[in-house]
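Colleague: Okay, handing you the structure first.
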Amino acid sequence: MATRAPENDGRRRAAAARRRARKEQIIAATRELFDSRGVRDVQIEEIAGAVGINRAIVYRHFTGKEELFALTLVGYLDELHDAMRTAADASTDAPTRLASVVGAFVDYGVAHPAFVDCAQSLMVRPGDELLDEISEGALFRLGRGITSCMTILSQVLVDGIDSGDFSVNGDPVLLANTMYASGLGALQLARLGILVTESAPGVPTVSQISAAQVRDYVVSSALALVTRGARAS
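In short: position in the sequence shown from 1, add 125, done, that's the numbering used here.
Okay, structure coming up:
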């Protein structure tokens, strides 16, 4: 009996390692399909086929499509965090840091449209539905990925307030969350590339807008939100 416990422990560890490896393999295949095909067109059957398994095995590792998408989003968020961290560390001047961090967010979203789709597909779901459909562990990883990016932006805002460069009405964390959500919407506009206006009352018309123009607008809007009145005070 003394020799069986370590043997069983070893088997359990090996089985857990194989399960983790399979799970990461499925997430990697999902990411690859997202980047090449877009989020909306990807089906579970295609993900399973890319890994060489059937869809039933996918559902052994994930509670459903939403959980798989959430964990795939975590990979994007980890990359976004690194880009925002690099941007924040490149300067000590508060307005420059904020412009760089917001610009890094836009640049990443433009380069990875599947990140935007994946993030928005989860944001449109009511929170109680996500709690029902995504496991606690997956929600924790997703929340940690989002907050890792939000914390960088929030800290840049707080540092700017402390230095007197920024004036924020209310909670900087709430402002950071609002910037993140509105930034995702702006990234959809950058992808669409079309502005809708009126050429005359009641007469709609469209014009083009570039991703660079959207980036400039998002950055300038972020700076306007926090610098209005700060210098005067």
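All C-beta atoms, glycine included, are put in the ideal place defined by N, C-alpha and C. All values derive from a computational prediction rather than experimental measurement.
1) By the 10 Å Cβ neighbour count, where 16 or more other Cβ atoms means buried, how is Asp253 classified, buried or exposed?
2) Measuring CB to CB, does Val231 end up less than 8 Å from Val343?
3) Whose C-beta lies closer than 6 Å to the C-beta of Ser324 among residues of the same chain, with five residues either side of it excluded?
4) With DSSP as the reference, label Ser216 as helix, strand or coil.
5) Helix, strand or coil, according to DSSP, for Pro326 in the structure here?
6) Per DSSP, what kind of secondary structure is Gly177 in: helix, strand or coil?
7) Three-state secondary structure (DSSP) at Ser260?
8) Return the Cβ separation of Leu267 and Val226 in integer angstroms, given the expectation that the two are a contact with Cβ distance under 8 Å.
9) Consult DSSP for Gln313 and reduce its assignment to one of helix, strand or coil.
10) Ignore the nearest five residues each way along the sequence and tell me which others in Asn302's own chain have a CB closer than 8 Å to its CB.
11) Could you spell out where the alpha helix (DSSP H) holding Val343 opens and where it closes?
12) Would you kindly check if the distance between the Cβ of Ala213 and the Cβ of Arg222 is under 8 Å?
13) Assess contact between the stretch 279-298 and the stretch 235-250, defined as three or more Cβ pairs (one per stretch) separated by less than 8 Å. Is contact present?
14) Would you identify the three-state DSSP class for Met126, choosing helix, strand or coil?
15) Go ahead and label Phe265 buried or exposed: buried means 16 or more other beta carbons lie within 10 angstroms of its beta carbon, across all protein chains shown.
16) Run through DSSP, which three-state label would Gln280 get?
17) Roughly how many angstroms lie between the CA atoms of Val283 and Ala219, to the nearest whole one?
Modeller: Reading from the atomic positions:
1) exposed
2) yes
3) Thr330
4) coil
5) In this structure, Pro326 counts as coil in the three-state DSSP scheme.
6) It is coil, neither helix nor strand.
7) coil
8) Not quite, the Cβ-Cβ distance comes to about 21 Å (not below 8 Å), so this is no contact.
9) helix
10) Met275
11) 336-352 is the extent of the alpha helix (DSSP H) around Val343.
12) yes
13) Not touching, per the Cβ criterion.
14) Bear in mind that a pLDDT of 47 at Met126, under 50, signals an unreliable position, so the number given afterwards is only what the model happens to contain. Here Met126 sits in coil by DSSP.
15) exposed
16) helix
17) 9 Å
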